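2 protein chains.
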Amino acid sequence: MEKFTATAVAHPNIAFIKYWGIKDHEITIPANGSISMNLAGLESKTTVEFLAEQQSDQLTLNGKNITEIGLERVSKILDFVRLAGKINFAAKVISENNFPTGSGIASSASGFAALALASSVAAGLNLETNSLSSLARLSSGSASRSIPGGFVEWIQGEDHKSSYSKSIAPPDHWKLADCIAIVNQKHKPIGSLAGHQLANTSPLQTARIQDTERRLDICRQAILNKDFIALAEIMEIDSNMMHGVMMSSSPSLFYWDPPTLEIMRSVAEWRNNGLPVAYTIDAGPNVHVICNQENMKTVSDQLKEIPGVINVLSATPGGPAKIIN
Amino acid sequence: MEKFTATAVAHPNIAFIKYWGIKDHEITIPANGSISMNLAGLESKTTVEFLAEQQSDQLTLNGKNITEIGLERVSKILDFVRLAGKINFAAKVISENNFPTGSGIASSASGFAALALASSVAAGLNLETNSLSSLARLSSGSASRSIPGGFVEWIQGEDHKSSYSKSIAPPDHWKLADCIAIVNQKHKPIGSLAGHQLANTSPLQTARIQDTERRLDICRQAILNKDFIALAEIMEIDSNMMHGVMMSSSPSLFYWDPPTLEIMRSVAEWRNNGLPVAYTIDAGPNVHVICNQENMKTVSDQLKEIPGVINVLSATPGGPAKIIN
Numbered sequence: 019m020e021k022f023t024a025t026a027v028a029h030p031n032i033a034f035i036k037y038w039g040i041k042d043h044e045i046t047i048p049a050n051g052s053i054s055m056n057l058a059g060l061e062s063k064t065t066v067e068f069l070a071e072q073q074s075d076q077l078t079l080n081g082k083n084i085t086e087i088g089l090e091r092v093s094k095i096l097d098f099v100r101l102a103g104k105i106n107f108a109a110k111v112i113s114e115n116n117f118p119t120g121s122g123i124a125s126s127a128s129g130f131a132a133l134a135l136a137s138s139v140a141a142g143l144n145l146e147t148n149s150l151s152s153l154a155r156l157s158s159g160s161a162s163r164s165i166p167g168g169f170v171e172w173i174q175g176e177d178h179k180s181s182y183s184k185s186i187a188p189p190d191h192w193k194l195a196d197c198i199a200i201v202n203q204k205h206k207p208i209g210s211l212a213g214h215q216l217a218n219t220s221p222l223q224t225a226r227i228q229d230t231e232r233r234l235d236i237c238r239q240a241i242l243n244k245d246f247i248a249l250a251e252i253m254e255i256d257s258n259m260m261h262g263v264m265m266s267s268s269p270s271l272f273y274w275d276p277p278t279l280e281i282m283r284s285v286a287e288w289r290n291n292g293l294p295v296a297y298t299i300d301a302g303p304n305v306h307v308i309c310n311q312e313n314m315k316t317v318s319d320q321l322k323e324i325p326g327v328i329n330v331l332s333a334t335p336g337g338p339a340k341i342i343n
Numbered sequence: 019m020e021k022f023t024a025t026a027v028a029h030p031n032i033a034f035i036k037y038w039g040i041k042d043h044e045i046t047i048p049a050n051g052s053i054s055m056n057l058a059g060l061e062s063k064t065t066v067e068f069l070a071e072q073q074s075d076q077l078t079l080n081g082k083n084i085t086e087i088g089l090e091r092v093s094k095i096l097d098f099v100r101l102a103g104k105i106n107f108a109a110k111v112i113s114e115n116n117f118p119t120g121s122g123i124a125s126s127a128s129g130f131a132a133l134a135l136a137s138s139v140a141a142g143l144n145l146e147t148n149s150l151s152s153l154a155r156l157s158s159g160s161a162s163r164s165i166p167g168g169f170v171e172w173i174q175g176e177d178h179k180s181s182y183s184k185s186i187a188p189p190d191h192w193k194l195a196d197c198i199a200i201v202n203q204k205h206k207p208i209g210s211l212a213g214h215q216l217a218n219t220s221p222l223q224t225a226r227i228q229d230t231e232r233r234l235d236i237c238r239q240a241i242l243n244k245d246f247i248a249l250a251e252i253m254e255i256d257s258n259m260m261h262g263v264m265m266s267s268s269p270s271l272f273y274w275d276p277p278t279l280e281i282m283r284s285v286a287e288w289r290n291n292g293l294p295v296a297y298t299i300d301a302g303p304n305v306h307v308i309c310n311q312e313n314m315k316t317v318s319d320q321l322k323e324i325p326g327v328i329n330v331l332s333a334t335p336g337g338p339a340k341i342i343n
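Top to bottom, those sequences are chains A and B.
Start counting the first sequence at 19; every next residue gets the next number (our numbering).
Start counting the second sequence at 19; every next residue gets the next number (our numbering).
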């Protein structure tokens, strides 16, 4: 009996220029390009086994059997791999995150990136980074950014092949850190997949999209030049623009909690006082505070003093998705 | 010795469709039209005396002598009136608000509306409502909306004469109330005049402006039809769009405090549970909660229970600016 198996790990990532809105839902072509940083230390580990005796795809996530939509998103990647690898077997997928659910970090990016890599290797495929990134994108847009390492740009593209992410600088290019202030561990009232579909109901979304190239250029240059202030300003404006679109959608989406606002204010104040820090907020209430690694402890300690902050996680720039034994 | 004097009162107003951004600063032509409701019970009372012996214009506001920019804005209206009324005298202006400074209600709208009316009558002019509204607009855009009564629309226009406000329904047309939740009595870090000038630095402002007619139409119809839910939805989206523009300006403007967000959430929840309420927020942290007059006490009591709410003021639809003896 034949058996094909591989295990991969991938990091989640934090977007400096956000992706919000989807042009083609079937294959997750985004409404705009984005730029992110992988988060070392945090990871998803995924093992894929294609088995002749397996009746249908099966997913175990953090020890729990997942069915329906969660499993369908997994099968979407597996189907693609089976087709390319000429395999007819169903798969057993076991995935684990080393960061808790509800920690404010979406596990879909790291999880689907690890799945794309593990499944393609298990099927005997030898895909290039671009193709792996496109593959991961099918099930989670931001997963495409967790395939390459370090600082990453997701090229919007217009079809499956042309929409992928590539590294713009390796992890050691810039000693940045992400201090993640957790203010709420509950599940989001509206997940980001549902949220994406509301983006176009905001009268501001088109303008946000049209302005994307400008923001991408500024952000990319700031990373290449290690210009913290330039990065800080464009990152915060970009995050605020996305939340402006969210809150002017119909129905309006508010992901912030009162402490979220308190942290945003504190970060602005700290930067005014000379500490290089900047915030960015995904589709949730927790705040990612970007700083230099030398200030990681200071920032983390200061964040913990803000009422409403439950915990602070820290991460430095992470490498690409990789196969482990 | 000749003496020309008059006293007028005017109400502040709360905008349902906001004005943000100025096309012509010299004469306050707004970037977009707006719709508001006057607030009965709250008022500015302003007495103007043109006096032969007066050396220069003099302003006493709530018992305090005001000079420089505050006085210049007053003289701008007085100059216009002197020219039209062929008067050479300087004026003594005494103005008082019956609501405290820092109550979260801008006194510039009611103050300049009362000034425009009092000074024009003191100068022997008999201006129509449209002309009075244009006159008040010279010193404070929103003052143009405090000249007519009830529910008011400010027509954007393109020059001094064509940019004025008119009543779209009298005060008794719809028994609405505004419960104003005060969460912060401190002075704004950035006043709305400075804020207006940043509007165009937001990549979202042009889209907000282009969408104005749609929002005005929905709001006007909601008022005419007394359709609370339609009013609630467009009012909140409009407020969120303005704050989305503010927070994506360079530098970004945040007028909200953490309790502001708590109130917005509570209002959304109350409406979901069947209580007709909606929020709108000006360039400050306090929240105007619009409801039916029959629910005014309930809403006010519920607002007072939210941590961070210092006080709640209430107002019903107010009449036009008027001369008193």
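From the three backbone atoms N, C-alpha and C, an ideal C-beta is built for every residue, glycine too.
Source: prediction; values computed, not measured.
What does residue i reach in chain B if we use C-beta pairs closer than 9 Å?
i: Phe272(A); result: Asn258, Leu279, Met282, Arg283 and Ala286
i: Ile255(A); result: Ser220, Pro221, Met265, Ser266, Ser267, Ser268 and Ser270
Whose C-alpha, out of the options, is nearest the C-alpha of residue i?
i: Pro30(B); options: Asn56(B), His214(B), Val263(B) and Gly213(B); result: Asn56(B)
i: His43(B); options: Asn313(B), Pro166(B) and Ser181(B); result: Ser181(B)
i: Val317(B); options: Ser332(B), Asn304(B) and Ile328(B); result: Ser332(B)
i: Ile281(B); options: Ile32(B), Pro303(B) and Ser268(B); result: Pro303(B)
i: Leu216(B); options: Ala108(B), Met260(B) and Ile198(B); result: Met260(B)
i: Ile95(B); options: Ala140(B), Asn115(B) and Ser54(B); result: Ala140(B)
i: Gln152(B); options: Gly168(B), Glu176(B), Val305(B) and Ala212(B); result: According to the sequence provided, residue 152(B) is Ser. The question's Gln does not apply to it. Nearest C-alpha to Ser152(B): Glu176(B).
i: Gly209(B); options: Trp38(B), Phe22(B) and Ile32(B); result: Trp38(B)
i: Ile324(A); options: Pro335(A), Val285(A), Gly337(A) and Ile342(A); result: Val285(A)
i: Glu71(A); options: Asp97(A), His214(A), Val92(A) and Ala109(A); result: Ala109(A)
i: Gly213(B); options: Ala24(B), Ile241(B), Leu321(B) and Ser266(B); result: Ser266(B)
i: Asn310(A); options: Gln239(A), Thr85(A), Asp245(A) and Ala154(A); result: Asp245(A)
i: Arg100(B); options: Ile255(B), Glu254(B), Pro277(B) and Ser137(B); result: Ser137(B)
i: Ser183(B); options: Thr85(B), Gly51(B), Val327(B) and Ile32(B); result: Gly51(B)
i: Ala124(B); options: Asp319(B), Thr219(B), Leu211(B) and Ile40(B); result: Leu211(B)
i: Ala187(A); options: Gly167(A), Thr25(A), Asp196(A) and Phe117(A); result: Gly167(A)
i: Glu67(B); options: Ala24(B), Ile35(B) and Asp275(B); result: Ala24(B)
i: Val92(B); options: Ile105(B), Ile112(B) and Gly81(B); result: Ile112(B)
i: Asn329(A); options: Ala33(A), Pro118(A), Ser62(A) and Asn83(A); result: Pro118(A)
i: Leu361(A); options: Ala102(A), His178(A), Lys179(A) and Asn243(A); result: In the structure displayed, chain A extends from 19 to 343; residue 361(A) sits before or after that span and is not available.
i: Ile45(B); options: His178(B), Val201(B), Val307(B) and Asn313(B); result: His178(B)
Identify the contact partners of residue i in chain B, using a Cβ-Cβ distance below 7 Å as the criterion.
i: Arg238(A); result: Ordered by position in chain B, no residue passes the 7 Å Cβ test against Arg238(A), which lies about 17 Å from the chain.
i: Leu1(A); result: Absent from the model: residue 1(A). The displayed extent of chain A is 19 to 343, so no value can be given.
Give me whichever residues DSSP pairs with residue i in a beta bridge.
i: Asn403(A); result: This structure does not reach residue 403(A), given that chain A is present from 19 up to 343, and the question cannot be answered.
i: Glu67(A); result: Thr23(A) and Lys110(A)
i: Cys237(A); result: DSSP output for Cys237(A) lists no bridge partner at all.
i: Leu331(A); result: Ile198(A)
i: Ala187(A); result: Phe169(A)
i: Met55(B); result: Ile32(B) and Phe169(B)
i: Pro48(A); result: Ile40(A)
i: Ala296(B); result: Ile308(B)
i: Phe62(B); result: Note that residue 62(B) is Ser in the sequence shown, not Phe. Ala28(B) and Asn115(B), per the DSSP bridge assignment.
i: Gln76(B); result: Lys110(B)
i: Tyr182(A); result: Ile173(A)
i: Asn218(B); result: None; Asn218(B) has no bridge partner.
i: Lys340(A); result: Val27(A)
i: Lys244(A); result: Paired residues: none, contrary to the question.
Give a yes or no on whether 9 Å exceeds the smallest Cβ distance from residue i to chain E.
i: Glu231(A); result: Reference to chain E is not applicable here, since the protein chains of this structure are A and B.
If the cut is a Cβ gap below 7 Å, which residues of chain A does residue i touch?
i: Pro303(B); result: Going along chain A, no residue has its Cβ under 7 Å from Pro303(B), so there is no contact; the nearest lies around 10 Å.
Whose Cβ in chain A lies nearer than 8 Å to the Cβ of residue i?
i: Pro335(B); result: Correct list: empty, because the minimum Cβ distance to chain A is about 26 Å.
i: Pro294(B); result: Near Pro294(B) there are no residues of chain A at all, since even the closest Cβ is about 16 Å away, more than 8 Å.
Which chain B residues are close to residue i, counting only those with a beta carbon under 8 Å from its beta carbon?
i: Pro118(A); result: Going along chain B, no residue has its Cβ under 8 Å from Pro118(A), so there is no contact; the nearest lies around 25 Å.
Within the chosen definition, does the region 153-161 of chain A reach the region 129-138 of chain A through at least 3 CB pairs nearer than 8 Å?
Contact annotation: the region 153-161 of chain A touches the region 129-138 of chain A, with at least three C-beta pairs closer than 8 Å.
The region 176-192 of chain A in contact with the region 62-79 of chain A per 3-pair CB rule at 8 Å
No, they do not touch.
Can at least three beta-carbon pairs, one atom from the region 291-303 of chain A and one from the region 255-271 of chain A, be found at a separation below 8 Å?
Verdict: yes, contact present.
Quick check: the region 224-237 of chain A against the region 264-284 of chain A, are at least 3 beta-carbon pairs closer than 8 Å?
Touching, no, given that fewer than three Cβ pairs across the two stretches are closer than 8 Å.
Pairing CB atoms from the region 241-253 of chain A with CB atoms from the region 284-296 of chain A, are three or more of them under 8 Å?
Output reads yes: the region 284-296 of chain A touches the region 241-253 of chain A.
Residues, ordered as in the chain, of the region 179-204 of chain A that lie near chain B by beta-carbon distance below 9 Å:
Listed by position, the residues of the region 179-204 of chain A near chain B (Cβ gap below 9 Å) amount to none.
Interface positions of the region 45-75 of chain B facing chain A (Cβ-Cβ less than 8 Å), listed along the chain
Going along the region 45-75 of chain B in chain order, one finds no residue with a Cβ nearer than 8 Å to chain A.
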